[in-house]
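Since the structure comes first, as structure tokens, the remarks are kept for the end.
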Amino acid sequence: MLLGCIADDSTGATDLAAVLVQEGMRTVQTIGVPAPGTDPGEVDALVVALKSRSIPAAEAVRQSLDALRYLQERGARQILFKYCSTFDSTPEGNIGPVAEALMEALGAEQTIVCPAYPTLQRSIFRGHLFVGDRLLNESGMEKHPLNPMTDADLVRVMAAQSRRKVGLIRYDTVHQGPDAVRRRMAELAVDGIAHLVTDVTDDADLRILGEAAAELKLVTGGSGIALGLPENFRREGLLGRHAAGALPEVNGLEAVLAGSCSVATRGQVADFKSRCPAFRLDPQTLADGDAQIEAALAFAAEHMPSGPVLLYATAEPAEVAAAQAVLGRERAGELVERAMGLVAKGLVERGVRRLVVAGGETSGSVMAALEVSALRIGEKIDPGVPATVSIGAEPLALALKSGNFGTPDFLIKAFGAMPGGRP
Ligand code: ADP
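The numbering of the sequence shown is our numbering, which starts it at 7 and goes up by one.
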């Protein structure tokens, strides 16, 4: 194994794995840290998906170090810590604390901080993160239910959650190529700067940074930074050109679970509802017991034989705020995530084998409930979202979409991109 990756949520892990497949690395994603000695098979890259984005920082550090030990045991030559392309975190972490714990364990003095991926509308200019044409804090992310992002200045956001110093490698240096970037890294190292936020205005910059990062023991960033890393191994003669992941056919009933309230998901849910049956779950009713879960499953059982159904908690910001005012932010989220897990289990018991899930945290809960522990990564459906099939006795076809990904018709379109179909 060449590249060992630690991702702070499961859709983010899948997004990263898709980039690695596209760049010719055979990739398996595990859900959580596999037991020591578990053999992932013949792989060039292994992505360990944690659910560590919004948990207490000390716990995120512990889980990340466990993942690191597993990846080192399998011989990983470089470690990539993957977080969200919108840098989802709080003033306490967990990006800074995890990056620093990994640096310490690896004996790394410097790393890059690069959530950018211009193809996916995430660019960084003078240290400021843009989502499309908007600054991060005007992109809708400032209203995220768990990690509201109210500052687009990544140097400031990273500094608030780090002990070591944070600096910037500006676009004019990046545009001069890998040697200029390496020189700048060395200059900043003299000043003791450990975390290097990197400007990125198009995907070519990511390949430049990837090449410049060849010698770093730890790289941190979004899935985009992985574009330039496989080539480093190829240059060293360690990596061939493998065909991207072909997946086996999976046949069965089809359902969509949406627990994301992001702008793109809200549009996708509206599109789906205009064409197919949909059932709404809401945290305030879920707080009173499991009757709504039973009702959702009965609804699904009735409609699934004639096509996919949607079960969703997706709501407008005002509705989310109202539920949070009554239940608290954490409890509202937990109620929805638990319900999504139970509904997913009930759906599989009722013959669902093809499942689309919207929401990073939501996908994590659904995978845990279904006891899915590893995914084979296939071709991408949309940027950032590949088709996948679970590894195990009863394979499931899965498309795991993080909140802001996918075209407006994604929730229906995804089924066409997963090999197999309804019975
Ligand atoms: P995204 O990928 O868009 O960030 P996530 O699934 O990661 O989506 O996060 C969405 C969070 O919002 C989850 O914790 C989910 O349980 C919570 N949530 C979903 N619907 C509601 C709702 N109606 N009210 C309050 N919280 C909600």
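All C-beta atoms, glycine included, are put in the ideal place defined by N, C-alpha and C. Quick caveat, the model's predicted, so the values are computed rather than measured.
Can we count E367 as close to the ligand ADP, meaning its CB is less than 6 Å from some heavy atom? Taking the sequence shown and counting its residues from 1, one reaches residue 367 at position 361. Checking every heavy atom of the ligand ADP against the Cβ of E367, one is found closer than 6 Å.
So is L86 in contact with chain C if we call contact Cβ pairs under 7 Å? Chain labels in this structure do not include chain C; a single protein chain is all it has.
With 16 as the cutoff for other CB atoms within 10 Å, does Q84 come out buried or exposed? Mapped onto the sequence shown, residue 84 falls at position 78. Looking at its Cβ environment, which holds 16 or more other Cβ atoms inside 10 Å, Q84 is buried.
Please state whether DSSP places T207 in a helix, a strand or coil. Residue numbering aside, residue 207 sits at position 201 when the sequence shown is read from its first letter. Note: T207 maps to coil in three-state DSSP.
Since H309 is in the alpha helix (DSSP H), which residue starts that stretch and which ends it? As a working mapping, residue 309 is identified with position 303 in the sequence shown. The continuous alpha helix (DSSP H) containing H309 extends over residues 297-309.
Just tell me which of I101, V161, P401, M7 has its CA closest to the CA of P47. Counting from 1 along the sequence shown, the entry for residue 47 is found at position 41. Here the sequence assigns Gly to residue 47, which means Pro is not the residue at that position. Of I101, V161, P401, M7, the residue nearest in Cα terms is M7.
Straight-line CA distance for S200 to G334? Residue mapping note: residue 200 aligns to position 194 of the sequence shown, counting from 1. Residue mapping note: residue 334 aligns to position 328 of the sequence shown, counting from 1. This sequence places Ala at residue 200; Ser is not what is there. Looking at the backbone, the Cα of A200 and that of G334 are separated by about 37 Å.
Which word fits E367, buried or exposed, when buried means at least 16 other C-beta atoms lie within 10 angstroms of its C-beta? Translated into the one-based positions of the sequence shown, residue 367 becomes position 361. Under this definition E367 is a buried residue.
The ligand ADP heavy atoms versus the CB of C282: any closer than 6 Å? Counting from one through the sequence shown, the residue named residue 282 turns up at place 276. No, Cβ of C282 sits at least 6 Å from all heavy atoms of the ligand ADP.
Closest residue to S229 among G113, L22, D15 (Cα-Cα distance): Residue numbering aside, residue 229 sits at position 223 when the sequence shown is read from its first letter. Checking every option, the nearest Cα to that of S229 belongs to L22.
Rounded separation between L152 and P311 - CA only: Stepping through the sequence shown from its first residue, residue 152 is reached at position 146. Stepping through the sequence shown from its first residue, residue 311 is reached at position 305. The straight-line gap from Cα to Cα measures roughly 35 Å.
Should S70 go down as buried or exposed, given a rule of 16 or more other Cβ atoms within 10 Å for buried? For the purposes of this step, residue 70 is taken as the residue at position 64 of the sequence shown. Buried is the call here.
On the DSSP bridge list, what partners appear for A122? Here the question's residue 122 lines up with position 116 in the sequence shown. Its beta-bridge partners do not exist; DSSP assigns none.
Decide if L245 is buried, meaning its Cβ has at least 16 other Cβ atoms within 10 Å, or exposed. Residue 245 sits at position 239 when you count from the first residue of the sequence shown. Its Cβ being crowded by 16 or more others within 10 Å, L245 is buried.
Distance, A327 Cα to V163 Cα: Indexing the sequence shown from 1 puts residue 163 at position 157. Indexing the sequence shown from 1 puts residue 327 at position 321. If I take the Cα positions, the gap works out to 24 Å.
Count the other CB atoms, across all protein chains shown, that sit within 10 Å of the CB of N257; report buried if there are 16 or more and exposed otherwise. The residue you call residue 257 lines up with position 251 of the sequence shown. Answer is exposed; the Cβ neighbour count stays below 16.
So Y318 is in the alpha helix (DSSP H); what residue range does that whole segment cover? Along the sequence shown, one-based indexing puts residue 318 at 312. Note, Y318: premise wrong, no alpha helix (DSSP H); beta strand (DSSP E) at 315-318.
Expected contact under 8 Å - CB spacing of L263 and L361 to nearest Å: Reading the sequence shown from its first residue, position 257 is the one you call residue 263. Reading the sequence shown from its first residue, position 355 is the one you call residue 361. A Cβ-Cβ distance of about 7 Å is found for the pair L263 and L361, placing them in contact under the 8 Å criterion.
Which residues DSSP lists as bridging S396, in chain order: Within the sequence shown, numbered from 1, the residue matching residue 396 stands at position 390. DSSP, once it has assigned bridges, lists L381 as partnering S396.
Is any heavy atom in the ligand ADP found nearer than 6 Å to the beta carbon of A276? The residue you call residue 276 lines up with position 270 of the sequence shown. No; taking the cut-off as 6 Å, the Cβ of A276 has no heavy atom of the ligand ADP nearer than that.
For R388, which residues of its own chain have a beta-carbon under 7 Å away from its beta-carbon, when the five flanking residues on both sides are left out? What you label residue 388 is simply residue 382 of the sequence shown in a count that begins at 1. Reading off the sequence, residue 388 comes out as Asp, not Arg. Closer than 7 Å at the Cβ level, and outside the excluded window around D388, lie F411, G412, T413, F416.
Per DSSP, the bridge partner or partners of G99: On the sequence shown, residue 99 is found 93 positions in, with the first residue counted as 1. Residue pairing for G99: DSSP places it in a beta bridge opposite T96.
Compare the beta carbon distance of A261 and L353 with 7 Å and say whether it is the shorter of the two. For the purposes of this step, residue 261 is taken as residue 255 along the sequence shown, with counting starting at 1. For the purposes of this step, residue 353 is taken as residue 347 along the sequence shown, with counting starting at 1. Yes, they are a contact pair.
A158, DSSP secondary structure in three states: Position 152 of the sequence shown, counting from 1, holds the residue named residue 158. Here A158 sits in coil by DSSP.
Beta-carbon within less than 7 Å of T17's beta-carbon, same chain only, minus the 5 sequence neighbours each way: which residues are those? Against the sequence shown, residue 17 aligns to sequence position 11. Hits under 7 Å: G366, S369, L406, K407, S408.
For L224, tell me which candidate among L174, Q116, L316 has the shortest Cα-Cα distance. Start at 1 with the first residue of the sequence shown, and residue 224 comes out as number 218. From the listed residues L174, Q116, L316, the smallest Cα separation to L224 is found for Q116.
Under the criterion of a Cβ to heavy atom distance below 6 Å, does P151 qualify as lining the ligand ADP? For the purposes of this step, residue 151 is taken as the residue at position 145 of the sequence shown. Taking the Cβ of P151 as the reference point, at least one heavy atom of the ligand ADP falls within a distance shorter than 6 Å.
Go ahead and label G156 buried or exposed: buried means 16 or more other beta carbons lie within 10 angstroms of its beta carbon, across all protein chains shown. In the sequence shown, the residue the question calls residue 156 occupies position 150. The sequence shown places Thr at residue 156, not Gly. Answer is exposed; the Cβ neighbour count stays below 16.
The beta strand (DSSP E) with Q35 in it runs from where to where? The count along the sequence shown starts at 1 and reaches residue 35 at position 29. Q35: member of the beta strand (DSSP E) spanning 33-37, first to last residue.
With a cut-off of 8 Å, do at least 3 Cβ pairs link the region 70-81 to the region 121-136? With a cut-off of 8 Å, the region 121-136 and the region 70-81 do not count as touching, because too few Cβ pairs lie within range.
Any heavy atom of the ligand ADP closer than 6 Å to the beta-carbon of A264? On the sequence shown, position 258 is the one that residue 264 refers to. For the ligand ADP, not one heavy atom lies less than 6 Å from the Cβ of A264.
A66 to R169 span [Cα, whole Å]: Looking up residue 66 in the sequence shown gives position 60. Looking up residue 169 in the sequence shown gives position 163. Inter-residue distance for A66 and R169 is about 16 Å (C-alpha atoms, whole angstroms).
Closer than 6 Å: E343 CB and nearest the ligand ADP heavy atom: By one-based count along the sequence shown, residue 343 stands at place 337. True, at least one ligand heavy atom lies under 6 Å from that Cβ.
Any idea if Q28 is buried or exposed, counting beta-carbon neighbours within 10 angstroms, 16 or more meaning buried? The sequence position of residue 28 within the sequence shown is 22, counting from 1. Per the 10 Å Cβ criterion, buried.
By a C-beta neighbour count over all protein chains shown, 10 Å radius and 16 as the cutoff for buried, is P121 buried or exposed? Along the sequence shown, read from residue 1 onward, the residue named residue 121 stands at position 115. The residue in question, P121, is buried, as its Cβ has 16 or more Cβ neighbours within 10 Å.
Counting only the same chain and skipping the five closest in sequence on each side, list residues whose C-beta sits under 6 Å from that of I12. As a working note, residue 12 is residue 6 in the sequence shown. For I12, where only same-chain residues beyond five positions count, the Cβ hits under 6 Å are V54, S70, A73, F87.
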